[in-house]
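Okay, so here's the structure we're looking at.
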Amino acid sequence: MADAMTWWVYLLRCGDGTLYCGIALDVAARLKQHQEGRGAKYTRGRGPLELAYCEACASKAEALRREREVKRLRRGAKEALIATGRP
29 MADAMTWWVY LLRCGDGTLY CGIALDVAAR LKQHQEGRGA KYTRGRGPLE LAYCEACASK
89 AEALRREREV KRLRRGAKEA LIATGRP
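What follows is the structure in structure tokens.
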């Protein structure tokens, strides 16, 4: 049933300059969880966190595939993705 909803691939810019990639149905709620320390272990203690990039996907499977692709990108390619704001 969740696959009928829009899934999002997002990149967070952490306070220490690192980038974190994840997926969510509700990016605003997920960002709040990260900011409150209830998100991924990676983002804990790396605040403040800001949403740097967000991309819609038609299904959870597509979002997971795209998340893998984005995670495999080198830092420069991730920054270029953020700068263009386009997938």
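Each residue of the sequence shown is one higher than the one before, starting from 29 at the first, in my numbering.
Just so it is clear, CB atoms sit at the ideal spot from N, CA and C, and this is done for glycine as well.
Annotation: Ala80 is outside any alpha helix (DSSP H); the continuous beta strand (DSSP E) that includes it extends over 78–85. Taking a C-beta distance under 8 angstroms as the contact criterion, Ile51 and Tyr81 do not qualify as a contact pair. Distance from the CA of Leu101 to the CA of Gly45, rounded to the nearest whole angstrom, comes to 16 angstroms. If you draw a straight line from the Cα of Cys42 to the Cα of Arg94, it is about 21 angstroms long. Cα atoms of Leu40 and Gln63: separation of roughly 10 angstroms, rounded to the nearest angstrom.
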